[in-house]
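A.B. asks: Take the sequence shown: its position 191, counted from the start at 1, is 202 in my numbering, and no numbers get skipped.
Provided herewith is a single structure, encoded as structure tokens, for subsequent inquiry.
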Amino acid sequence: MDSYQQFIQSIEKRIVSLNTAINKYNLFSSLNPVILELDENTIWDLQEKDVEIIAKNLKEKNQLNPVEIEFLLAFTKIPPNLKQVKKNLLGLDQTQKEIFKSIQQKVEATKKEHDTLNVDFIEKSLEKYKKLLQKLEDNDLILITEIEFISKILTQDEYSASSKMEIYHIINENNNHILKKYKNFISDENDNEKIWDESQLTSTNIPEELLNKLFERFGINWTKNYASIPDPKLQQQMINQQAHWKNKLLNYGNYEKMEGLLEFLQKKNLNFIFDLPEILTKTLLYSSIQEIEQVINIAEENEINYYELLKSQPVIFFPTVRETRNHSKKYQNPSSEQKTSGALTNFLGNINFLKENNFPINEIFKSSPVFFIRSPKTQRKVYERLKMYGIFLQYPNRNLKKAFSVLGTTDILSKIDIGIECGCYDYYQDNITKLVNPNLNLYRVKLARLLGIGEDEIFCKRYSTTKGETKKCLSELFWKNNSDKFGKNPEDTYKIYQSCPQETYIDKDNIEIYNNIISNRENDKITTLVLNDYLIRQLDSQFKDDQNDLIYNFNGVIISRLKVLRYYQTLISDSNIISRKDVLLYAITLHSMLNQDEVNAINECLKSVKFKGGIK
């Protein structure tokens, strides 16, 4: 592990420690035990030095008066052989009890004051550490004041000089990257991401006659098919669009570069692009022979027909382009302007991703050509999220699942959570593509079990696939129109299930706060910050299933454990959130379909969790 990651973990540990301090209510640890333990039993064992400690620590309005001090000193003068007898037989008389009650009130007031000071200090410290952690994890800009705070942490933890330099170097590099992102050219080393901005183009003002001759030479005639369009309005729109793209070439095209590219494309039998005005324009302006040749070579190396690749996904011809509106007004019709984004560098990044994981590139092209034009960053992220939940894109024998389309899916973790909680995790493992756009409401499966429908009726028998594998499938019961029994949508299913919304057991205002935090985060991190959390350790020790790390079992109510960890980490990482019972309950029940009995079961289980200190 590098120094930067160690530094992030050290911040997480500090947050865990501060949370634990609140949770365990160790706020008076700096007060002398004599004060903390003073009661009608311990008063008999006081020594003179103990009375001095008590008198010294109870200051200002809580200060002991002479009568109270003499009262305490009287216990120090009782002979040792008589103390136990008096304590057992006599105890405190009524007058002594009144004096001692006054002393206890002053002690409790001191504790409360000390408590407030500690809570305030801890909350401010938590806020500071959480804000820094969030910035480091989000690669946000680190300010000078935060650099000073980082320096203090590094000094306290006694990092070596080389480790400090490494950490500062990464922070500076990140800051520089953020400052550069507003410039015209952005490069991401991980995915070779290259984004062109139109403002980078140099004005060339090619004579229209010269461009027309070049088009004529290669048989480019963008208007040839427009006459067959019966709708005059659509016909005019197409004419305006082709004029718009031609105008860009007139304004910014490099004649020699365009001529060379057109010759190369014709030689490689890729002249189908000549009939695609937008694709051809962006290829001529932003791409190069070397880049297209690289795509062709990679395709051939992996037994992919490059013509089929580029014909099916022509955006691979050029890189991503950030378009602006500063064109010449000649032929311009902004309302009809297309916004096709290039995918050449996405293709290269995805090829690297597949090679790193030893996936058969040609097989993936046959099953999911669109995979190659999606953002490599997004697809890597979804791939890691699937692995987090133990869902893999290959069978144990390394045969490939036809599931790579799933890597473009958003909110995939929530879908898996629902599958786990509705007893469909195995189904999702065998049918990963159902995560792309689930063709059923998995809450229906949970409802079916509540209605007494057996597993054999819910899932059909496994059958052999073309590669000799088996998979679990849903029965026809869930394909047919069963709206009366299961509901047409999740809301209907919730109603039939008699599900309790979170608002019935968590304060609505708090839910709104938590929802806002969750909606603005990716909620995909599970680090030592949450794994070492005082409350999570209790959940793990009491409710984590012995056979399955993916679930919590709350007296028969199955909840996705990773869901709880992900959402709880997001919430406790926020500088405005203090650990409370409803924060944990929110993370446990979010997106879960639960009836009143199940909510009661969860709450009953949580009674065994020690919510102390600032937690209510």
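Ideal Cβ placement from N, Cα and C applies to all residues, glycine included.
By DSSP's criteria, F470 is part of a beta bridge. Which residues make up the other side?
C.D. replies: Here the question's residue 470 lines up with position 459 in the sequence shown. According to DSSP, F470 bridges with L485.
A.B. asks: Can you grab the Cα-Cα spacing for the pair L245 / L287, in whole Å?
C.D. replies: Sequence index remark: in the sequence shown, residue 245 carries index 234 (1-based). Sequence index remark: in the sequence shown, residue 287 carries index 276 (1-based). Cα to Cα, the separation comes out at about 17 Å.
A.B. asks: How would you call C511, buried or exposed, if buried means at least 16 neighbouring beta carbons within 10 angstroms?
C.D. replies: Position 500 of the sequence shown, counted from the start, is the residue given in the question as residue 511. Sixteen is the threshold: when 16 or more other Cβ atoms of the shown chains lie within 10 Å of the Cβ of C511, as they do, the residue is buried.
A.B. asks: Identify which residue in N559, Q580, T420 has its Cα closest to the Cα of N543.
C.D. replies: To locate residue 543, count along the sequence shown from 1; it is residue 532. Checked all of N559, Q580, T420; the closest Cα to N543 is Q580.
A.B. asks: Please identify the residue among L582, V456, L103, K72 whose C-alpha is closest to the C-alpha of L83.
C.D. replies: Here residue 83 corresponds to residue number 72 of the sequence shown, with the count starting at 1. Answer by Cα proximity: L103.
A.B. asks: What span of residues does the beta strand (DSSP E) with I569 cover, start to end?
C.D. replies: Translated into positions along the sequence shown, residue 569 becomes position 558. Unbroken beta strand (DSSP E) run through I569: 568 to 571.
A.B. asks: Contact between the segment 53 to 62 and the segment 157 to 174: three or more CB pairs below 8 Å?
C.D. replies: Segments in contact, no.
A.B. asks: In terms of DSSP beta bridges, what is N606 paired with?
C.D. replies: Looking up residue 606 in the sequence shown gives position 595. N606 is bridged by DSSP to S510.
A.B. asks: Would the segment 103 to 122 and the segment 542 to 561 be scored as touching if the rule is three or more Cβ pairs under 8 Å?
C.D. replies: no
A.B. asks: What would DSSP say about Q405, mapped onto helix, strand or coil?
C.D. replies: Working through the sequence shown from its first residue, we reach residue 405 at position 394. Q405 falls in the strand class under three-state DSSP.
A.B. asks: Out of L260, E267, L355, which one is the CA nearest neighbour of T292?
C.D. replies: Working through the sequence shown from its first residue, we reach residue 292 at position 281. Closest in C-alpha terms to T292, from the list L260, E267, L355, comes L260.
A.B. asks: Output yes or no for whether 8 Å exceeds the beta carbon distance between K142 and S586.
C.D. replies: By one-based count along the sequence shown, residue 142 stands at place 131. By one-based count along the sequence shown, residue 586 stands at place 575. In contact: K142 and S586 (Cβ atoms closer than 8 Å).
A.B. asks: Between F382 and S416, which are expected to be in contact by the criterion C-beta below 8 Å, what is the C-beta distance as a whole number of angstroms?
C.D. replies: Taking the first residue of the sequence shown as position 1, residue 382 is located at position 371. Taking the first residue of the sequence shown as position 1, residue 416 is located at position 405. Confirmed, Cβ separation roughly 7 Å.
A.B. asks: Excluding the 5 residues preceding and the 5 following Q509 in the sequence, name in chain order all residues of the same chain whose CB lies nearer than 6 Å to its CB.
C.D. replies: Your numbering for residue 509 matches position 498 in the sequence shown. Contacts found: N606.
A.B. asks: Helix, strand or coil, according to DSSP, for D585 in the structure here?
C.D. replies: Working through the sequence shown from its first residue, we reach residue 585 at position 574. D585: coil per DSSP, three-state reduction.
A.B. asks: Who pairs with N564 in a beta bridge, going by DSSP?
C.D. replies: Mapped onto the sequence shown, residue 564 falls at position 553. Partner(s): I569.
A.B. asks: In the DSSP output, which residue or residues are listed as bridge partners for L103?
C.D. replies: Taking the sequence shown and counting its residues from 1, one reaches residue 103 at position 92. Beta-bridge pairing links L103 to no other residue.
A.B. asks: Among all the DSSP beta bridges, which residues are the ones paired with L411?
C.D. replies: Here residue 411 refers to the residue found at position 400 of the sequence shown. Answer is Q405.
A.B. asks: Within the segment 422 to 466, note down every full alpha helix (DSSP H) run reaching 4 residues or more, in order along the chain.
C.D. replies: 423 to 432, 436 to 441, 454 to 461
A.B. asks: Cβ-heavy atom distance between I599 and the ligand MN below 7 Å?
C.D. replies: Absent from the structure shown: the ligand MN. Ligands present: none.
A.B. asks: What separation, rounded to the nearest whole angstrom, lies between the Cα atoms of S21 and I599?
C.D. replies: Mapped onto the sequence shown, residue 21 falls at position 10. Mapped onto the sequence shown, residue 599 falls at position 588. Cα-Cα distance, rounded: 27 Å.
A.B. asks: CB-CB under 8 Å to N442, same chain, minus the five flanking residues each way: which ones, in chain order?
C.D. replies: For the purposes of this step, residue 442 is identified with residue 431 of the sequence shown, where counting begins at 1. For N442, where only same-chain residues beyond five positions count, the Cβ hits under 8 Å are K482, K483, C484.
A.B. asks: Rounded to the nearest angstrom, what separates D565 and G434 at their Cα positions?
C.D. replies: The residue given as residue 565 occupies position 554 in the sequence shown. The residue given as residue 434 occupies position 423 in the sequence shown. The question names Asp, yet the displayed sequence has Phe at residue 565. Their Cα atoms are separated by approximately 15 Å.
A.B. asks: Could you pull the start and end residues of the alpha helix (DSSP H) that P387 belongs to?
C.D. replies: Looking up residue 387 in the sequence shown gives position 376. 387 to 399 is the span of the alpha helix (DSSP H), which, as asked, contains P387.
A.B. asks: At what residues does the alpha helix (DSSP H) containing P288 begin and finish?
C.D. replies: For the purposes of this step, residue 288 is taken as residue 277 along the sequence shown, with counting starting at 1. Its alpha helix (DSSP H) spans residues 288 to 297.
A.B. asks: For I423 and K392, what's the separation of their Cα atoms in angstroms?
C.D. replies: Taking the first residue of the sequence shown as 1, we reach residue 423 at position 412. Taking the first residue of the sequence shown as 1, we reach residue 392 at position 381. I423 and K392: Cα-Cα distance of roughly 11 Å.
A.B. asks: Give every residue of the same chain whose Cβ lies closer than 7 Å to the Cβ of Q440, excluding the five residues on either side of it in the sequence, and list them in chain order.
C.D. replies: Translated into positions along the sequence shown, residue 440 becomes position 429. So the list reads I402, once near-sequence residues are dropped.
A.B. asks: According to DSSP, what are the bridge partners of K60?
C.D. replies: Working through the sequence shown from its first residue, we reach residue 60 at position 49. In DSSP, K60 forms no bridge with anything.
A.B. asks: Is K499 helix, strand or coil when you go by DSSP?
C.D. replies: Taking the sequence shown and counting its residues from 1, one reaches residue 499 at position 488. Residue state, collapsed to three classes: coil.
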